[in-house]
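Heads up: the structure comes next, in structure tokens.
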Amino acid sequence: MTAVAETTLVAWNGLTLTVPSSWRPARLGLGYLYFEDGSGPAFELKWRPGAGRDGMEAAFRAMTPKGQARRADGLPKAWEAALAGFETMPVAWNIGERGGLGAALFCPDCGLAAIFQAYGGPDGPDSPRVAEVGRTLASFSHHHDGPPEFRVFGLSFRPPPDYRLTAFHFSPGRFSLNFAQGKSRLDILRLAPAEVLLARDPLPRLARLAFGFDADRPATEAVVDGCPAVWVGERQGEQWRDRLTRTLGRPARLTLLRHDPAADKLYGAAATSRHPLNPDWLAAAAGRCVSV
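Heads up: the sequence shown begins at 2 in my numbering, then just goes up one per residue.
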């Protein structure tokens with residue numbers, strides 16, 4: 002019996018799929034995932050919620066490399082079985098020593114339009130890649146109750162209801178996810194390694210630096226979820242000065258930075274609003290950011 006390679010669950014902005022652990026996310030967008038393995042490009046997926054059948058046609062026209070895609074005769078049977086809930090438009094391309102095979106997709110239940118492609122040699126993906134992609138497509142899910150999960154680069158977070166991803170940043174030692182609900186904002190931050198960072202600066206100073214506060218901004222040390230933590234805020238009061246400042250367009254801001262010694266990570270959450278923020282709400286949101 003052939004052994005199946007280890008897999009990793011990836012969740013990103015409304016989609017979840019399980020991919021081979023040898024695939025690494027090399028590029029991300031608000032509706033985009035691109036994976037590479039040790040040999041180069043492996044798999045690419047783009048999507049747009051509610052785009053409809055016209056979105057599927059647009060996805061086909063936007064297939065990369067631009068102008069080189071053509072309609073393919075069909076897909077491997079395992080792929081077709083995994084995509085039974087979608088309307089599909091198979092596409093293929095080849096340029097020199099590289100080729101691809103995939104499909105534009107439309108979900109008649111929710112209107113999602115998407116396109117994926119598997120990379121390979123001049124004749125397209127080989128049989129091992131076809132098998133990998135078949136298992137990945139079988140795990141593909143986009144009908145979820147509640148807020149979407151974000152699970153990538155060992156970080157897992159589920160935002161509060163109605164908060165939507167607006168931006169993100171991933172670099173060595175610093176991961177951030179930025180969300181918005183109307184004029185309210187929520188920023189999630191993970192910093193590592195905590196041991197190195199705390200050897201250089203104490204937790205209150207790191208909290209001020211991480212969220213752009215002045216060096217003399219008061220900070221309150223606490224214990225949150227069993228971890229050492231620091232609160233920093235501004236324009237949170239009910240005095241006339243804070244109320245006037247919020248009315249004039251400078252929102253209340255509250256931040257929390259906690260140290261998880263077991264994971265050797267610092268987890269941060271920062272929220273802004275036209276009204277004073279509830280610390281319990283922010284602590285609950287921050288607590289949903291964990292390492293996996």
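For each residue, glycine too, the CB sits at the ideal point set by N, CA and C.
Could you say which of the options lies nearest to residue i if we only look at CA atoms?
| i | options | result |
| --- | --- | --- |
| Asn95 | Leu113, Phe87, Ala73 and Gly86 | Ala73 |
| Val291 | Pro109, Gly41, Val153 and Ser23 | Val153 |
| Ala70 | Val92, Asp55 and Ala83 | Val92 |
| Glu235 | Ala272, Asp202 and Pro229 | Ala272 |
| Leu113 | Gly56, Pro161, Glu81 and Leu84 | Gly56 |
| Asn179 | Leu166, Gly97 and Ile116 | Leu166 |
| Phe176 | Ala211, Thr19, Asp217 and Thr256 | Ala211 |
| Phe107 | Pro123, Glu88 and Arg99 | Glu88 |
| Leu34 | Pro162, Ala59 and Ala119 | Ala119 |
| Arg130 | Thr9, Trp282, Ser23 and Thr256 | Ser23 |
Applying the 10 Å Cβ sphere with the 16-neighbour rule, what's the burial state of residue i?
| i | result |
| --- | --- |
| Thr248 | exposed |
| Lys294 | The structure shown does not extend to residue 294, since the chain is modelled only from 2 through 293, so no value can be given for it. |
| Glu45 | buried |
| Asn279 | exposed |
| Ser274 | buried |
| Ala43 | buried |
| Val293 | exposed |
| Cys111 | exposed |
| Leu245 | exposed |
| Gly101 | buried |
| Gly269 | buried |
| Glu7 | exposed |
| Trp48 | buried |
| Glu133 | buried |
| Arg242 | exposed |
| Arg209 | buried |
| His144 | exposed |
| Thr221 | exposed |
| Gly51 | exposed |
| Asp202 | exposed |
| His260 | buried |
| Asp188 | buried |
From the DSSP secondary-structure annotation, give me the bridge partner or partners of residue i.
| i | result |
| --- | --- |
| Cys228 | Val225 |
| Ser22 | Per DSSP, none; premise fails for Ser22. |
| Glu374 | It is not possible to answer for residue 374, since the shown part of the chain is limited to 2 through 293. |
| Glu45 | Tyr35 and Gln118 |
| Asp188 | Asn179 and Ala271 |
| Leu198 | DSSP lists no partner for Leu198. |
| Trp13 | Leu16 |
| Ser292 | Leu156 |
| Leu29 | Leu34 |
| Ala220 | Val233 |
| Gly51 | Partner(s): none; Gly51 has no beta bridge. |
| Gly304 | The chain is shown only over 2 to 293; residue 304 falls outside these bounds and no answer can be derived. |
| Gly125 | Gly122 |
Strictly under 8 Å for the Cβ-Cβ distance: is residue i near chain C by that measure?
| i | result |
| --- | --- |
| Trp241 | This model lacks chain C altogether; it includes just one protein chain. |
| request: Just list the alpha helix (DSSP H) runs in the region 243-290, keeping only unbroken ones of 4 residues or longer that don't cross its boundaries, in chain order. | output: 280-288
ask   = Taking only runs of the alpha helix (DSSP H) that begin and end inside the region 127-177, which ones reach a length of at least 4 residues, in chain order?
value = 128-140
Pick out the complete beta strand (DSSP E) segments inside the region 59-106, 3 residues or longer, and give them in chain order. 88-96
Any chance the region 264-281 sits against the region 193-200, with 3 or more Cβ pairs inside 8 Å? yes
Hey, is the region 223-231 in contact with the region 167-187, meaning 3+ C-beta pairs nearer than 8 Å?
-> no
Would you be able to state if there are at least three C-beta pairs under 8 Å between the region 139-150 and the region 4-19?
yes
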